[in-house]
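**Student:** By the numbering used here, the letter at position 78 of the sequence shown is numbered 384, and the numbering carries on one by one without gaps.
Where a beta carbon is used, it is the ideal one built from N, C-alpha and C, also for glycine.
Owing to the predicted nature of the structure, the values given are computational and were not obtained by experimental measurement.
My questions all concern the structure below.
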Amino acid sequence: MVQMSAEVGHEVRYENFSERINELTKNSNTEVIVAANEENKIVGWTQLEISNFIFSNKTCNILGVFIDKNYRGNQIGRQLIEKAQEWAKRKGCISYRICSDITRIDSHAFYKHMGFKPIKTEQIFSRGVEKGE
307 MVQMSAEVGH EVRYENFSER INELTKNSNT EVIVAANEEN KIVGWTQLEI SNFIFSNKTC
367 NILGVFIDKN YRGNQIGRQL IEKAQEWAKR KGCISYRICS DITRIDSHAF YKHMGFKPIK
427 TEQIFSRGVE KGE
């Protein structure tokens, strides 16, 4: 999972990744779905999270779909998206969505093929919690 994250620019150390997975499993509004091959090696995964904004319906956010580069084109992404939809329905979500970096053109084509429609372009701003970080 760490390697697949790195393949799309999300560098994280294994130790931190493991801690994050353990933390996420405690939250009922978050789900991690994995796909494994016949040798039980993880070849794809997705993380889901429910948003309950005052200004919109209950939504399932697909925080990423990661497929091992050696397994792309084998319907794994489709299966993960379908499992995400099932989870979102069980959780009472009205919709589900995914944000994708503007540079991930191949991913955009896949999401459109899966029935997602682009709704806006935005910039994301970030800073540390401590003042001035």
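When you compare the region 374-388 with the region 424-437, are there three or more beta-carbon pairs, one atom per stretch, that lie closer than 8 Å?
**Tutor:** no
**Student:** At what residue ranges does the region 389-429 contain a whole run of the beta strand (DSSP E), taking only runs of 3 or more?
**Tutor:** Within the region 389-429, the complete beta strand (DSSP E) runs of at least 3 residues are 401-404.
**Student:** Would you give the residue range spanned by the beta strand (DSSP E) that G434 belongs to?
**Tutor:** Here residue 434 is taken as the residue at index 128 of the sequence shown, counted from 1. Careful: G434 lies outside any beta strand (DSSP E) and carries neither H nor E.
**Student:** Locate the beta strand (DSSP E) running through N367, then write down its first and last residues.
**Tutor:** Locating residue 367 in the sequence shown gives position 61, counting from the first residue. Annotation: the continuous beta strand (DSSP E) that includes N367 extends over 365-373.
**Student:** For the beta strand (DSSP E) containing Q353, list its first residue and its last residue.
**Tutor:** Counting from one through the sequence shown, the residue named residue 353 turns up at place 47. Start and end: 348-357.
**Student:** Taking contact to mean 3 or more Cβ pairs, one atom from each stretch, closer than 8 Å, check whether the region 377-384 and the region 398-411 are in contact.
**Tutor:** no
**Student:** In this structure, how does DSSP classify I360 when only helix, strand and coil are distinguished?
**Tutor:** As a position in the sequence shown, residue 360 is number 54, starting the count at 1. Of the three classes helix, strand and coil, the one that applies to I360 here is coil, per DSSP.
**Student:** Shortest alpha-carbon distance to S334 belongs to which of K375, S413, E325, S357?
**Tutor:** Position 28 of the sequence shown, counted from the first residue, corresponds to residue 334. It is S357.
**Student:** What does the alpha-carbon distance come out to for the pair Y377 and H414?
**Tutor:** In the sequence shown, residue 377 corresponds to position 71, counting from 1. In the sequence shown, residue 414 corresponds to position 108, counting from 1. Their Cα atoms are separated by approximately 18 Å.
**Student:** Should F431 go down as buried or exposed, given a rule of 16 or more other Cβ atoms within 10 Å for buried?
**Tutor:** Here the question's residue 431 lines up with position 125 in the sequence shown. Counting Cβ neighbours within 10 Å, F431 comes out exposed, since fewer than 16 surround it.
**Student:** In chain order, what residues of the same chain lie with their CB nearer than 7 Å to the CB of Y402, ignoring the 5 residues before and after it?
**Tutor:** Numbered from its first residue, the sequence shown carries residue 402 at position 96. Answer for Y402: T365, C366, I368, A390, Q391, A394, listed in chain order.
**Student:** Please report the straight-line C-alpha distance between I404 and K397, rounded to a whole angstrom.
**Tutor:** Working through the sequence shown from its first residue, we reach residue 404 at position 98. Working through the sequence shown from its first residue, we reach residue 397 at position 91. Between the alpha carbons of I404 and K397 lies a gap of roughly 17 Å.
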